[in-house]
Amino acid sequence: AGMAIGPLELADKIGLDTLNSTLLAFYNEFKDPKYRPHPHLTTMIRAGYLGKKTGQGFYIY
Numbered sequence: 236a237g238m239a240i241g242p243l244e245l246a247d248k249i250g251l252d253t254l255n256s257t258l259l260a261f262y263n264e265f266k267d268p269k270y271r272p273h274p275h276l277t278t279m280i281r282a283g284y285l286g287k288k289t290g291q292g293f294y295i296y
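Start counting the sequence shown at 236; every next residue gets the next number (the numbering used here).
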């Protein structure tokens, strides 16, 4: 049917820092703007919101 979990919940589960690193690697390799991490993601990471592992990301755990 659909996704078992939504994209933001998946991002929290993976870890926003891991997601950001992966996106940067793809962006640097392919130079495709669709892989450029959104500045808000960097803001969240700097604030310590890394997802489930820190208890807060896009959602509060």
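Beta carbons: idealized from backbone N, C-alpha and C, even for Gly.
> Who are the Cβ neighbours of A239 in its own chain at under 6 Å, not counting the five residues just before and after it?
Replying inline: Answer for A239: no residue qualifies.
> What number of angstroms, rounded off, separates the C-alpha of F265 from the C-alpha of L245?
Replying inline: C-alpha of F265 to C-alpha of L245: approximately 23 Å in a straight line.
> If you compare alpha carbons, which of L285, L254, A282 is closest to Y270?
Replying inline: Closest option to Y270, Cα to Cα, is L254.
> Between the beta-carbon of L251 and the beta-carbon of G286, is there less than 8 Å?
Replying inline: Yes, they are a contact pair.
> Between Y296 and D267, what straight-line distance do the alpha-carbon atoms span, to the nearest angstrom?
Replying inline: Cα-Cα distance, rounded: 33 Å.
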